[in-house]
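There are 2 protein chains.
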Amino acid sequence: MKKSLTAEIISVGNELLIGHTLDTNSHWIAKYFTKFGWALQRITVLRDSLPAINDGARGALRRKPDLLITIGGLGPTHDDMTLRGVALALDKRLVLNPAAFAMVKARYSALEASTGLTRFRRKMATLPEGAQPLPNPVGTAPGVTINVGTTRLVSLPGVPSEMRAIFTGSVIPMLRASKGQAPEEVSIGLVGIIESALAPALDRARKAFPGLYFKSHPRGREGGIRSLIQLHVYSVDPDSRAKLDNAIAYLLRELSKSA
Amino acid sequence: MKKSLTAEIISVGNELLIGHTLDTNSHWIAKYFTKFGWALQRITVLRDSLPAINDGARGALRRKPDLLITIGGLGPTHDDMTLRGVALALDKRLVLNPAAFAMVKARYSALEASTGLTRFRRKMATLPEGAQPLPNPVGTAPGVTINVGTTRLVSLPGVPSEMRAIFTGSVIPMLRASKGQAPEEVSIGLVGIIESALAPALDRARKAFPGLYFKSHPRGREGGIRSLIQLHVYSVDPDSRAKLDNAIAYLLRELSKSA
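Chains X and R are the protein sequences, given in the same order.
Position one of the first sequence corresponds to residue 3 (my numbering), numbered consecutively onward.
Position one of the second sequence corresponds to residue 3 (my numbering), numbered consecutively onward.
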């Protein structure tokens, strides 16, 4: 069994913390990690604040994930400060990156509304020293990547269409190349049982099927008689399909015994 | 001007990290912090793993927020391990709490489906030493609160209806009692301008109106001529209403100059 590669996401933006915007970006990315057998270990949502980004990035790098993705804060305005925060965390200077500058330039020369390469536009091509830009096919700010020890750090913009385009073009190939085992999974609904009554049978199933992961999600109320539990069983073992089916059958037998 | 009280949220659950479930709980709570003038500084999403919860809780407590809320992992099953993780982070033992046990007991005695106070149900009344239960009017697992230095730690269940009921009953009164200044805010849509062209005017407005917070969210594309920017201006100053209106007027004048 191949060990899963690990990842973390840092999502930057006051709008996520004041309750204006729901962080759907992280959720969208999370599905791809699961699909390609990577293990997303943590999502951290931070303010548009240099000390917060510096501290959050340092913390994530200390845990040495194989991939660290930051989302948001790459745009032209003053409150877009992710790359400044990342540069602080890496103890690197920010420098105008020629490849990134060419990308930004090409983008604006195609724009009628262009009013020259102002410092606000140069800002989008100013990256931590040693970083490389990732093409943004649908917007102006390129993504950014840099290796930090064994961690690949990737910074993506927060506008969902741009984040998705860069992720699809530059990150998915990386996930695919280092593909882990996508989890085998079964999800069943159990009607008329409450979670605390399910717990003993679940405990026995866990002991009988080591390596499988059982998680129950109550969908009804424990405070009422009728109840619905979504039971999710999964494994990253490559040969676990039959084992999963056996575990479900075992669990249903155990439950019918106690009923 | 009253200083904002600070908060952090730790949201626990593999389902949030494998892309199965979107973390709407944190978003729901975030709105209340804003409403009552509290500053939510960070959201951390963690796996159902003791080392992860221990590490995440220790990290949050080191930053000394006034309030730390954990969501998820209070139920009866083995994968509900938030209180074990919190106890580790606090270097406290887990003990059966009589008040919590009475709450769980009362809940199950009202249940026809009750099959006794199994160890799985006792688990829901087993809290870090020194903690107190918070009544759960719609489910069985009580919320939990404990003071750690200047931080009030509150643990809520992950089932949204239960989380909301305990938050409304036990946390909102606390937010209200230590109410900060809710931010004054104005949000306007700017049509036909791209973000990098807005940036110089925004920069001048920031200098002219210190204390106001400007954030632009591109909703259209920089790669096209027509573009929509949502501009959000806010302040926690109590007397900022007129200032906000002036700032918007100033910004529109600056933009019409450069057009």
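Just so you know, even glycine gets a beta-carbon here, dropped at the ideal spot from N, CA and C.
message = Please report whether the beta-carbon of P159(X) lies at a distance below 7 Å from any beta-carbon of chain R.
response = As a working mapping, residue 159(X) is identified with position 157 in the first sequence. P159(X) does not count as touching chain R.
ask   = Any idea if K259(R) is buried or exposed, counting beta-carbon neighbours within 10 angstroms, 16 or more meaning buried?
value = The residue labelled residue 259(R) in the question sits at position 257 within the second sequence. When all chains shown are included, K259(R) counts as exposed.
ask   = What are the boundary residues of the beta strand (DSSP E) that includes F264(X)?
value = Because chain X in this structure spans residues 3 to 261, residue 264(X) falls outside the shown range and cannot be described.
query = Would you call the segment 61-73 of chain X and the segment 189-202 of chain R touching, i.e. three or more CB-CB distances under 8 Å?
reply = no
Residue burial classification, R123(X) (beta-carbon count within 10 angstroms, cutoff 16) = The residue you call residue 123(X) lines up with position 121 of the first sequence. It counts as buried.
Between the CA atoms of L246(R) and Y252(R) - distance to the nearest angstrom = Along the second sequence, read from residue 1 onward, the residue named residue 252(R) stands at position 250. Along the second sequence, read from residue 1 onward, the residue named residue 246(R) stands at position 244. About 10 Å.
query = For the putative contact between Y215(X) and V235(X), defined by C-beta atoms under 8 Å, what is the C-beta separation to the nearest angstrom?
reply = One-based indexing of the first sequence puts residue 215(X) at position 213. One-based indexing of the first sequence puts residue 235(X) at position 233. Rounded, the Cβ-Cβ distance is 7 Å, consistent with contact.
key: Interface positions of the segment 51-71 of chain R facing chain X (Cβ-Cβ less than 9 Å), listed along the chain   = S51, A54, D57, G58, G61, R65
key: CB contact check: M3(R) to chain X, cutoff 7 Å   = Start at 1 with the first residue of the second sequence, and residue 3(R) comes out as number 1. Model confidence at M3(R) stands at a pLDDT of 41, short of 50, so the residue's coordinates are unreliable and nothing is read from them.
request  = Would you check if the segment 33-50 of chain X and the segment 45-60 of chain R touch, i.e. whether three or more CB-CB distances between them fall below 8 Å?
outcome  = yes
task = Compute the Euclidean distance between the alpha carbons of M3(X) and N149(R), then round it to the nearest angstrom.
result = Locating residue 3(X) in the first sequence gives position 1, counting from the first residue. Locating residue 149(R) in the second sequence gives position 147, counting from the first residue. Per-residue confidence for M3(X) stands at a pLDDT of 40, beneath the threshold of 50, marking its modelled position as unreliable; no derived number is given.
message = Does D93(R) pass the burial test, meaning 16 or more other C-beta atoms within 10 Å, or should it be called exposed?
response = Numbered from 1 along the second sequence, position 91 holds the residue referred to as residue 93(R). By the 16-neighbour rule on beta-carbons within 10 angstroms, D93(R) is exposed.
inquiry  = Closer than 8 Å is the cut-off here; do at least three beta carbon pairs connect the segment 31-46 of chain X with the segment 13-33 of chain R?
reply    = yes
inquiry  = Let's see if you can read the secondary structure: which residues bound the beta strand (DSSP E) around G145(R)?
reply    = By 1-based counting over the second sequence, the position of residue 145(R) is 143. 145-150 is the extent of the beta strand (DSSP E) around G145(R).
request  = Leaving out five residues on either side along the sequence, give the residues of the same chain with a beta carbon under 8 Å from the beta carbon of L52(X).
outcome  = Numbered from its first residue, the first sequence carries residue 52(X) at position 50. Closer than 8 Å at Cβ, skipping near neighbours: M83, R86, G87, L90.
query = Name the DSSP beta bridge partners of Q43(X), please?
reply = Translated into the one-based positions of the first sequence, residue 43(X) becomes position 41. According to DSSP, Q43(X) bridges with nothing at all.
request  = Let me know if S6(X) comes out buried or exposed under the rule of 16 or more other beta-carbons within 10 Å of its beta-carbon.
outcome  = In the first sequence, the residue the question calls residue 6(X) occupies position 4. By the 10 Å Cβ count, S6(X) comes out buried.
key: Partners in chain X for F122(R), counting only beta-carbon separations shorter than 7 Å   = Within the second sequence, the letter at position 120 stands for residue 122(R). Within chain X, the residues near F122(R) are S198, A201, P202.
key: Span separating the alpha-carbon of N27(R) from that of N56(R)   = By 1-based counting over the second sequence, the position of residue 27(R) is 25. By 1-based counting over the second sequence, the position of residue 56(R) is 54. Counting only the Cα atoms, N56(R) lies some 21 Å from N27(R).
task = Please confirm if L246(R) has its CB atom under 7 Å from at least one CB of chain X.
result = Here residue 246(R) refers to the residue found at position 244 of the second sequence. Not an interface residue.
inquiry  = DSSP three-state label for T72(X), please.
reply    = The residue given as residue 72(X) occupies position 70 in the first sequence. The answer is strand: DSSP assigns T72(X) an E or B state.
key: Within 7 Å, strictly: CB atoms of A143(X) and G74(X)   = As a position in the first sequence, residue 143(X) is number 141, starting the count at 1. As a position in the first sequence, residue 74(X) is number 72, starting the count at 1. No. Outside cutoff.
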